[in-house]
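One structure below.
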Amino acid sequence: MIVIRRLTDRRRAYTGIFLLGEPPRIFPTSDAEHSRILEIYKQDRAHPDIVNDFSEFALGHDEALPRSAAKPPTA
């Protein structure tokens, strides 16, 4: 399993790529470069048969909050 994360400090932003049994790869990237890396590794959105943050945490599938059964106050 691959884990790709955006890391930032006060001056720079980095992309960290983590693979089990391998040393972490951390390198400076722009926002566009980081987005492209996510796209290449299919971590940018939900994909069929791909396990990523979108499938594990249901990102982008927000459900509307249930409405209260109580009637609104009348003036």
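Residues in the sequence shown are numbered from 1 upward in steps of one, following the working numbering.
Ideal Cβ positions, reconstructed from N, Cα and C, are used throughout, including at glycine.
Which of helix, strand or coil DSSP assigns to residue i
i	result
Arg6	strand
Leu19	strand
Arg11	coil
Buried or exposed by the 16-neighbour rule on C-beta atoms within 10 Å, applied to residue i
i	result
Thr8	exposed
Distance, residue j Cα to residue i Cα
i	j	result
Ser30	Val3	18 angstroms
Met1	Pro23	14 angstroms
Glu33	Gly21	25 angstroms
Arg25	Leu38	14 angstroms
Arg12	Phe27	10 angstroms
Thr15	Ile40	13 angstroms
Candidates the options, of which the one nearest residue i by Cα
i	options	result
Phe18	Arg10, Arg5, Ser35 and Arg36	Arg5
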